[in-house]
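The structure under discussion appears below in the form of structure tokens.
Number of protein chains: 4
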Amino acid sequence: MFIRFITTGGTIDKVYFDAMSQFEVGESPISNILAEGRVSFDYNVVSMFQKDSLEITDEDREALKGFIENDEAKAFVITHGTDTMAKTAAVLRSIRGKTMVLTGSLNPARFKTTDAVFNIGMAIGAVQSLQPGVYIAMNGQVFAEGEVVKNRAENRFEKVISNPSRHSS
Amino acid sequence: MFIRFITTGGTIDKVYFDAMSQFEVGESPISNILAEGRVSFDYNVVSMFQKDSLEITDEDREALKGFIENDEAKAFVITHGTDTMAKTAAVLRSIRGKTMVLTGSLNPARFKTTDAVFNIGMAIGAVQSLQPGVYIAMNGQVFAEGEVVKNRAENRFEKVISNPSRHSS
Amino acid sequence: MFIRFITTGGTIDKVYFDAMSQFEVGESPISNILAEGRVSFDYNVVSMFQKDSLEITDEDREALKGFIENDEAKAFVITHGTDTMAKTAAVLRSIRGKTMVLTGSLNPARFKTTDAVFNIGMAIGAVQSLQPGVYIAMNGQVFAEGEVVKNRAENRFEKVISNPSRHSS
Amino acid sequence: MFIRFITTGGTIDKVYFDAMSQFEVGESPISNILAEGRVSFDYNVVSMFQKDSLEITDEDREALKGFIENDEAKAFVITHGTDTMAKTAAVLRSIRGKTMVLTGSLNPARFKTTDAVFNIGMAIGAVQSLQPGVYIAMNGQVFAEGEVVKNRAENRFEKVISNPSRHSS
Numbered sequence: 338m339f340i341r342f343i344t345t346g347g348t349i350d351k352v353y354f355d356a357m358s359q360f361e362v363g364e365s366p367i368s369n370i371l372a373e374g375r376v377s378f379d380y381n382v383v384s385m386f387q388k389d390s391l392e393i394t395d396e397d398r399e400a401l402k403g404f405i406e407n408d409e410a411k412a413f414v415i416t417h418g419t420d421t422m423a424k425t426a427a428v429l430r431s432i433r434g435k436t437m438v439l440t441g442s443l444n445p446a447r448f449k450t451t452d453a454v455f456n457i458g459m460a461i462g463a464v465q466s467l468q469p470g471v472y473i474a475m476n477g478q479v480f481a482e483g484e485v486v487k488n489r490a491e492n493r494f495e496k497v498i499s500n501p502s503r504h505s506s
Numbered sequence: 338m339f340i341r342f343i344t345t346g347g348t349i350d351k352v353y354f355d356a357m358s359q360f361e362v363g364e365s366p367i368s369n370i371l372a373e374g375r376v377s378f379d380y381n382v383v384s385m386f387q388k389d390s391l392e393i394t395d396e397d398r399e400a401l402k403g404f405i406e407n408d409e410a411k412a413f414v415i416t417h418g419t420d421t422m423a424k425t426a427a428v429l430r431s432i433r434g435k436t437m438v439l440t441g442s443l444n445p446a447r448f449k450t451t452d453a454v455f456n457i458g459m460a461i462g463a464v465q466s467l468q469p470g471v472y473i474a475m476n477g478q479v480f481a482e483g484e485v486v487k488n489r490a491e492n493r494f495e496k497v498i499s500n501p502s503r504h505s506s
Numbered sequence: 338m339f340i341r342f343i344t345t346g347g348t349i350d351k352v353y354f355d356a357m358s359q360f361e362v363g364e365s366p367i368s369n370i371l372a373e374g375r376v377s378f379d380y381n382v383v384s385m386f387q388k389d390s391l392e393i394t395d396e397d398r399e400a401l402k403g404f405i406e407n408d409e410a411k412a413f414v415i416t417h418g419t420d421t422m423a424k425t426a427a428v429l430r431s432i433r434g435k436t437m438v439l440t441g442s443l444n445p446a447r448f449k450t451t452d453a454v455f456n457i458g459m460a461i462g463a464v465q466s467l468q469p470g471v472y473i474a475m476n477g478q479v480f481a482e483g484e485v486v487k488n489r490a491e492n493r494f495e496k497v498i499s500n501p502s503r504h505s506s
Numbered sequence: 338m339f340i341r342f343i344t345t346g347g348t349i350d351k352v353y354f355d356a357m358s359q360f361e362v363g364e365s366p367i368s369n370i371l372a373e374g375r376v377s378f379d380y381n382v383v384s385m386f387q388k389d390s391l392e393i394t395d396e397d398r399e400a401l402k403g404f405i406e407n408d409e410a411k412a413f414v415i416t417h418g419t420d421t422m423a424k425t426a427a428v429l430r431s432i433r434g435k436t437m438v439l440t441g442s443l444n445p446a447r448f449k450t451t452d453a454v455f456n457i458g459m460a461i462g463a464v465q466s467l468q469p470g471v472y473i474a475m476n477g478q479v480f481a482e483g484e485v486v487k488n489r490a491e492n493r494f495e496k497v498i499s500n501p502s503r504h505s506s
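The structure is reproduced here in structure tokens:
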């Protein structure tokens with residue numbers, strides 16, 4: 338088993354810079370999380386961007402898609418900011434023969450209390466168990482791409498009740 | 338989605354009792370882990386035993402099997418000590434129409450550094466993604482029952498290279 | 338033994354608000370830290386302000402000074418942002434008969450890796466051991482007020498080598 | 338400022354060995370705690386024993402005393418199991434001109450929830466603030482040697498109400 342991890346920034350990667358009293362996207366904590374999970378499979382981590390997901394552009398998404406299409410790996414876990422995770426997932430929809438799971442966290446991985454470790458574990462459990470396709474793993478659930486939205490008021494991901502726009506596409 | 342969690346003890350549940358300078362099986366940390374993972378699915382936690390897995394008897398395993406067979410739930414995450422996890426998985430093999438994922442941890446969940454949170458996340462990602470059957474989720478991998486052993490010297494789970502005894506059964 | 342804790346904000350109190358992808362001053366973590374330290378002395382926590390220390394005004398400092406002067410307590414631990422901690426300490430200099438220790442942290446208390454717990458412990462150890470006066474406890478050291486500055490480039494507190502401005506006052 | 342840290346084992350140092358499902362004294366976590374506290378003073382850590390404090394012998398205590406007497410350092414933080422911490426403190430009583438603070442923890446330092454970081458911070462705050470002598474820093478309080486006992490039922494350190502045996506010595 339081989340998993341390619343692609344990091345793009347988002348809350349999961351945020352660190353605190355005292356000098357500016359600000360919270361910015363920093364190094365991905367994913368290697369530490371994999372060490373803590375004592376994983377024994379082969380993997381590689383690629384840092385694609387370090388951005389708040391609201392700053393990820395259409396060009397960025399196409400670059401991500403191109404990278405995955407041209408990569409020999411079959412299983413991908415992509416860490417991503419939560420605000421536009423569903424949008425990026427939609428762009429990856431047309432990729433065939435690969436299983437891609439997007440995840441992230443609502444609290445930074447560097448916090449004492451964070452959903453980051455749980456979510457990375459969940460994404461890894463899902464990516465090796467699912468058929469090819471694009472999925473979002475958040476809030477304990479693995480959603481198929483297109484059937485999930487972020488409820489910003491409640492700060493959680495939810496299943497879309499009806500999705501007529503997709504049926505018409 | 339509904340997941341039934343069944344706890345049976347093992348390292349994942351261990352606490353430290355200073356009075357005896359000993360480490361014993363205590364309350365399951367699973368509810369805290371699910372809260373940290375901000376899960377939004379329905380679930381219930383059943384504490385079946387609180388035992389080191391070396392102390393789990395054949396009767397215990399039959400009781401666990403009976404409980405699952407008679408339960409209306411379809412998805413189960415079972416936390417278990419690592420030493421006999423594979424043995425318990427084998428007993429559950431004959432159950433039909435349910436997805437059962439066993440997991441645990443090599444370091445207690447109450448430790449700063451533990452694989453417990455990661456493993457529970459992985460088991461949850463797997464249980465909702467897999468076909469019915471019995472699986473073991475440890476060391477970042479989801480193994481089908483019968484194809485995995487604990488390498489005690491290395492303190493990790495590994496795929497069985499060949500398994501002739503099983504073919505003959 | 339009775340200790341009055343006064344919180345004023347600063348990095349130690351910072352929380353992360355995903356909605357704004359920002360890091361703001363939140364509830365003080367001091368009660369959690371005292372519980373973790375299993376303290377058995379009597380204490381009380383007063384939240385005076387919730388500010389970045391660069392936003393603390395001269396009026397705020399006078400209000401803090403007035404509060405301490407009129408308080409029956411003799412031992413104070415004051416949590417404070419690091420940037421103007423020394424300035425606030427200087428304002429408290431003229432208070433007689435009370436031991437006041439200012440501390441804070443360079444990383445938020447809610448981080449996995451933080452100096453907050455250590456620093457609160459250090460301040461508590463110092464406040465009950467020292468003669469009346471104003472002190473700053475940071476980076477493992479208890480400095481007398483007036484003999485310490487924050488080296489912003491290195492992000493740590495250091496002893497002032499010479500302090501002629503003070504001798505002239 | 339220079340502080341000599343001497344580790345002797347006890348709960349603070351305990352690690353978990355899955356192979357035996359046991360909890361044993363391991364490497365001292367003190368260097369990690371000092372890094373987390375971002376200390377900037379000079380220090381050195383000496384591992385004297387790795388024992389449950391009930392196993393520390395009179396010879397061990399004399400060896401510890403001899404080490405401190407012959408050491409050029411003036412400030413010592415000694416980590417120690419809690420059960421016989423007061424007994425060891427009594428043996429060190431006759432050392433002159435040095436400040437010695439004993440501390441430890443009621444939960445192992447490797448636990449998510451532990452008093453170890455707080456206690457090490459407290460001991461460091463105390464050792465640089467106190468007159469020469471022997472002290473015990475536990476449960477948020479710095480006790481002079483001879484005026485403190487461990488209340489085993491409550492699992493905490495308390496001030497001795499009266500101590501006639503000491504007055505007669």
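Residue numbers (my numbering), protein chains in the order written: chain A, 338 to 506; chain B, 338 to 506; chain C, 338 to 506; chain D, 338 to 506. Note that beta-carbon positions come from the ideal geometry of N, C-alpha and C, so glycine has one too.
List the endpoints of the continuous alpha helix (DSSP H) containing residue i.
i: E373(B); result: 367-373
i: N444(B); result: First-last for N444(B): undefined, no H or E at that position.
i: G462(D); result: 453-464
i: A426(C); result: 422-429
Over the uninterrupted beta strand (DSSP E) stretch that includes residue i, give me the two end residues.
i: F404(D); result: Note, F404(D): premise wrong, no beta strand (DSSP E); alpha helix (DSSP H) at 395-406.
Determine which residues share a DSSP beta bridge with residue i and list them.
i: D379(D); result: F339(D)
i: K412(C); result: Sequence check: residue 412(C) is Ala here, not Lys. Answer is T436(C).
i: I480(D); result: It should be noted that the sequence gives Phe, not Ile, for residue 480(D). In the DSSP output, where bridge partners are listed per residue, F480(D) has I473(D).
i: K496(D); result: V485(D)
i: S384(C); result: T344(C)
i: K290(D); result: With chain D covering only 338 through 506, there is no way to say anything about residue 290(D).
Give the single residue among the options whose Cα lies nearest to the Cα of residue i.
i: V479(C); options: S431(C), T419(C), N456(C), V382(C); result: N456(C)
i: R430(B); options: E406(B), A446(B), L391(B); result: E406(B)
i: V477(D); options: A426(C), V471(C), I473(C), Q465(C); result: Per the sequence shown, residue 477(D) should be read as Gly rather than Val. The residue with the shortest Cα to Cα distance from G477(D) is Q465(C).
i: E392(A); options: A463(A), G418(A), I432(A); result: G418(A)
i: F339(B); options: D452(B), P445(B), N492(B), T436(B); result: T436(B)
i: K411(B); options: I432(B), A426(B), T451(B); result: I432(B)
i: A426(A); options: K449(A), S390(A), M459(A); result: S390(A)
i: G363(A); options: I349(A), L371(A), N369(A), V376(A); result: I349(A)
i: I461(D); options: E491(C), A474(C), F413(C), G346(C); result: A474(C)
i: T416(C); options: N492(C), K496(C), R341(C); result: R341(C)
i: G434(B); options: M459(B), G346(B), L467(B); result: L467(B)
i: K351(C); options: A453(C), V486(C), M459(C), K487(C); result: A453(C)
i: F413(D); options: K388(D), K487(D), V471(D); result: V471(D)
Please report the straight-line C-alpha distance between residue i and residue j, rounded to a whole angstrom.
i: G403(C); j: V428(C); result: 11 Å
i: I498(B); j: D379(A); result: 17 Å
i: S506(A); j: P469(A); result: Low local confidence applies: a pLDDT of 37 at S506(A) is under 50, so the model's placement there is unreliable, and no value is given.
i: E396(C); j: T344(C); result: 16 Å
i: E484(B); j: F494(B); result: 10 Å
i: F386(C); j: E409(D); result: 45 Å
i: N381(D); j: P366(D); result: 13 Å
i: I401(B); j: K449(C); result: For the record, residue 401(B) in the displayed sequence is Leu; it is not Ile. Straight-line Cα distance between these residues: approximately 37 Å.
i: N369(D); j: R375(D); result: 10 Å
i: E373(C); j: T451(D); result: 6 Å
i: E399(D); j: G346(D); result: 16 Å
Using 8 Å as the threshold, is the segment 412-422 of chain D in touch with the segment 430-442 of chain D, meaning 3 or more CB pairs across them?
The segment 412-422 of chain D makes contact with the segment 430-442 of chain D; the number of CB pairs closer than 8 Å reaches 3 or more.
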